[in-house]
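A short worksheet on the structure shown next.
Protein chains in written order, with my numbering: chain A, 569 to 997; chain B, 107 to 366.
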């Protein structure tokens with residue numbers, strides 16, 4: 569395997585304040601008059617990148633994740649030669665195409681066709697290449713009817729389709745992509761994803777920055793998490809995503825004390841004390857991803873022995889829709905006696921088939937013997953379910969797609985042999 | 107430097123497309139279109155011919171005054187209009203600079219080349235005027251491209267310097283129109299060099315456009331007395347500006363994307 573990108577001890581420093589304050593000659597003159605021999609005021613310095621080193625092999629597809637301002641875009645800009653590092657070196661083998669903004673350099677007054685030539689040329693295509701690929705680019709964009717219309721009449725979606733269509737035909741050795749899949753409609757996103765899959769198949773090196781974890785996980789084999797200008801973690805994509813998302817939820821996010829909760833009803837002989845989200849292999853689970861397993865552990869404290877209690881849990885959406893109601897009684901479990909003291913119950917969920925979002929849990933323990941509620945907490949804790957590829961695709965699925973999804977498949981046998989069924993490569997991945 | 111030049115050579119198609127874009131866009135949605143390239147020097151010439159030629163009686167080296175002033179306005183209009191476009195070329199394309207890598211010098215170069223179309227259009231009218239005044243062009247007319255080329259080099263030299271400064275100091279944006287406005291009077295456009303008292307003529311030669319316009323007129327109208335000192339001085343200043351401009355551009359282009 570050959571090295572496609574080599575980055576050695578890369579650092580980039582920005583001087584804050586220096587940019588805005590002294591862009592007028594006047595300010596510099598004033599400063600010079602005030603203190604002709606004085607030293608320049610010390611500037612606030614920001615290290616966007618600090619001593620970053622890594623290599624990428626040819627054909628690798630690397631996903632770069634991190635919070636806003638972590639240095640991801642600076643890294644891409646340096647790799648794309650748009651900006652220069654303060655120190656360190658970057659070597660890239662072959663043609664590098666950077667897609668930092670779809671349709672950068674489009675001119676409003678020019679038609680779609682003219683912009684294909686302009687954009688393609690600036691991105692590094694020869695005119696001959698554009699000529700040869702023009703038809704394919706237009707077809708990819710799906711804008712045949714509007715191709716001779718000035719793009720100032722285009723919608724944002726149409727613009728990005730045109731931009732990605734050009735980019736998809738650049739045929740680079742190294743492709744650098746910054747958050748472009750966030751635009752366009754679902755059909756076009758599918759096209760983009762499959763175009764990137766084609767690149768992956770063709771032995772091209774791809775660096776992909778995105779906040780869409782599902783897309784990153786689906787497309788990339790290797791992940792890099794950048795935090796505060798350094799590489800915090802470099803490894804298999806899934807592990808990096810999980811570590812990254814785990815950094816948002818602190819450990820106490822997965823384990824929530826309930827003692828101080830105000831609005832709780834019940835007579836109080838037994839109380840819930842804590843809710844923990846755990847993984848099936850035992851530990852606390854700081855990140856819960858849709859479609860994955862989850863164990864909800866309910867801790868309680870009983871002041872006295874409780875005869876035949878029934879524990880129940882309800883889950884609501886953020887808007888208050890009841891998603892599910894489950895409990896020991898519903899499962900036919902009869903608990904003869906809970907001794908005084910602390911204990912817990914586990915609710916094991918095999919596959920959490922809920923679309924990503926925030927959900928609330930309500931807890932209740934009452935008696936099977938009499939109409940008595942020992943403890944009741946409405947919306948006691950929330951559970952954040954994070955994105956993961958659903959149906960094996962990178963498509964971002966959220967509350968617009970309903971509430972739940974089932975393990976399922978579509979059978980197309982009945983359509984007949986004449987129909988050509990297009991399967992996006994992503995579906996096989 | 108060699109690497110720089112070879113990279114520019116490899117990117118010549120981008121230069122072509124950028125210049126093509128500038129030309130294409132300039133007169134889009136303008137009813138008169140490219141005729142604007144002619145109207146500006148034409149009406150300036152008419153005004154000058156009336157006030158300076160007719161009323162003030164300023165001499166014109168034996169050439170009809172309209173022809174005398176139009177021939178200079180041709181180059182001067184290219185110089186002043188294009189200089190402002192070249193000077194603003196980087197900040198006007200900041201979205202390109204911050205998103206795509208390509209040799210940055212292509213932006214000012216494209217602006218300088220794009221302006222040549224206007225010059226060409228207004229030159230056609232000059233030929234018409236020559237015919238109207240029964241001036242038979244001499245063979246020296248073939249040398250006029252030298253002075254057009256010199257103007258392009260001058261615009262590039264000065265323009266690269268201004269464009270690079272403009273990235274950091276927006277003052278430049280306001281300096282350029284001011285500069286070209288003053289330049290109109292310290293360049294022999296309205297008057298011939300001989301119109302000035304002798305002790306001022308030397309100073310005028312320091313303005314590279316003086317030599318350009320004198321040489322251009324000499325090629326068109328003959329006139330005999332070509333001042334080689336002025337021409338030489340003009341070329342030295344032009345090449346010096348080109349050197350300073352490209353040096354400054356080269357040494358600052360790395361930070362354009364961070365500052366613009």
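Glycine residues also receive a C-beta, built at the ideal position from the N, C-alpha and C atoms.
I need the straight-line Cα distance from residue i to residue j, nearest angstrom please.
i	j	result
residue 942 (chain A)	residue 911 (chain A)	16 Å
residue 616 (chain A)	residue 792 (chain A)	16 Å
residue 843 (chain A)	residue 944 (chain A)	14 Å
residue 166 (chain B)	residue 291 (chain B)	15 Å
residue 862 (chain A)	residue 853 (chain A)	8 Å
residue 111 (chain B)	residue 954 (chain A)	52 Å
residue 967 (chain A)	residue 136 (chain B)	49 Å
residue 587 (chain A)	residue 274 (chain B)	At residue 587 (chain A), the pLDDT of 48 sits below 50, so the modelled position is not reliable; the number obtained from the coordinates is stated separately. If you take the alpha carbons of residue 587 (chain A) and residue 274 (chain B), they lie about 8 Å apart.
residue 857 (chain A)	residue 952 (chain A)	8 Å
residue 932 (chain A)	residue 891 (chain A)	16 Å
residue 688 (chain A)	residue 156 (chain B)	50 Å
residue 142 (chain B)	residue 194 (chain B)	21 Å
residue 281 (chain B)	residue 289 (chain B)	12 Å
residue 711 (chain A)	residue 736 (chain A)	15 Å
residue 241 (chain B)	residue 327 (chain B)	8 Å
residue 845 (chain A)	residue 806 (chain A)	20 Å
residue 118 (chain B)	residue 956 (chain A)	46 Å
residue 810 (chain A)	residue 855 (chain A)	7 Å
residue 223 (chain B)	residue 129 (chain B)	8 Å
residue 838 (chain A)	residue 788 (chain A)	49 Å
residue 643 (chain A)	residue 356 (chain B)	23 Å
residue 335 (chain B)	residue 200 (chain B)	42 Å
residue 123 (chain B)	residue 338 (chain B)	35 Å
residue 668 (chain A)	residue 171 (chain B)	56 Å
residue 907 (chain A)	residue 638 (chain A)	51 Å
residue 120 (chain B)	residue 237 (chain B)	39 Å
residue 765 (chain A)	residue 784 (chain A)	12 Å
residue 276 (chain B)	residue 362 (chain B)	13 Å
What residues in its chain sit with their C-beta under 7 Å from that of residue i, if we drop five residues either side in the sequence?
i	result
residue 150 (chain B)	179
residue 681 (chain A)	715 and 716
residue 683 (chain A)	674, 675, 719 and 730
residue 154 (chain B)	175 and 296
Between which two residues does the alpha helix (DSSP H) carrying residue i extend?
i	result
residue 802 (chain A)	First-last for residue 802 (chain A): 798-804, but that is the beta strand (DSSP E), not the alpha helix (DSSP H).
residue 792 (chain A)	Where residue 792 (chain A) is concerned, there is no enclosing alpha helix (DSSP H), although the beta strand (DSSP E) it sits in stretches over 790-795.
residue 670 (chain A)	Taken as a continuous stretch (DSSP letters only), residue 670 (chain A) belongs to no alpha helix (DSSP H), as it is neither H nor E.
residue 112 (chain B)	108-116
residue 176 (chain B)	171-193
residue 317 (chain B)	314-327
residue 343 (chain B)	334-358
residue 307 (chain B)	304-311
Under 8 Å between C-beta atoms, does residue i make it to chain E?
i	result
residue 722 (chain A)	Any reference to chain E falls outside this structure, whose protein chains are A and B.
Can you tell me where the beta strand (DSSP E) with residue i in it begins and where it stops?
i	result
residue 785 (chain A)	Run containing residue 785 (chain A): none in the beta strand (DSSP E); it sits in the alpha helix (DSSP H), 781-787.
residue 775 (chain A)	773-777
residue 953 (chain A)	941-954
residue 935 (chain A)	925-935
residue 579 (chain A)	571-584
residue 138 (chain B)	Neither: residue 138 (chain B) is in no beta strand (DSSP E) and is coded neither H nor E.
Looking only at its chain, what residues have a beta carbon closer than 8 Å to the beta carbon of residue i, apart from the 5 residues adjacent to it on each side?
i	result
residue 921 (chain A)	858, 859, 972, 973, 974 and 975
For residue i, which residues from the same chain have a beta carbon less than 6 Å from its beta carbon, with the 5 sequence-adjacent residues on both sides left out?
i	result
residue 672 (chain A)	none
residue 164 (chain B)	158 and 297
residue 875 (chain A)	905
residue 775 (chain A)	630 and 744
residue 946 (chain A)	930
residue 677 (chain A)	718
*Report the residue ranges of all beta strand (DSSP E) runs contained in full by the region 837-878 of chain A; include only those spanning at least 3 residues, in chain order.*
838-846 and 862-870
*Would you mind listing the beta strand (DSSP E) stretches within the region 708-749 of chain A that are 3+ residues and don't spill past its ends, in chain order?*
742-746
*Going along the chain, which unbroken runs of the alpha helix (DSSP H) with 4 or more residues stay wholly within the region 235-280 of chain B?*
250-274
_Sufficient close CB pairs (3 or more, under 8 Å) joining the region 279-294 of chain B to the region 184-196 of chain B_ = yes
*Segment contact, 8 Å Cβ cut-off, at least three pairs: the region 702-714 of chain A with the region 631-643 of chain A*: no
*Could you tell me whether the region 191-207 of chain B touches the region 267-283 of chain B, where touching means 3 or more Cβ pairs closer than 8 Å?*
Per the Cβ contact rule, the region 191-207 of chain B is in contact with the region 267-283 of chain B (3 or more Cβ pairs under 8 Å).
*asked:* Between the region 572-581 of chain A and the region 639-659 of chain A, can you find at least three pairs of beta-carbon atoms closer than 8 Å?
replied: The region 639-659 of chain A, when compared against the region 572-581 of chain A, does touch it at the 8 Å Cβ threshold.
*Cβ contact (3+ pairs, closer than 8 Å) linking the region 224-233 of chain B and the region 303-323 of chain B*: no
*asked:* So within the region 619-691 of chain A, which uninterrupted alpha helix (DSSP H) runs reach at least 4 residues, ignoring any that extend past its ends?
replied: 640-647 and 680-690
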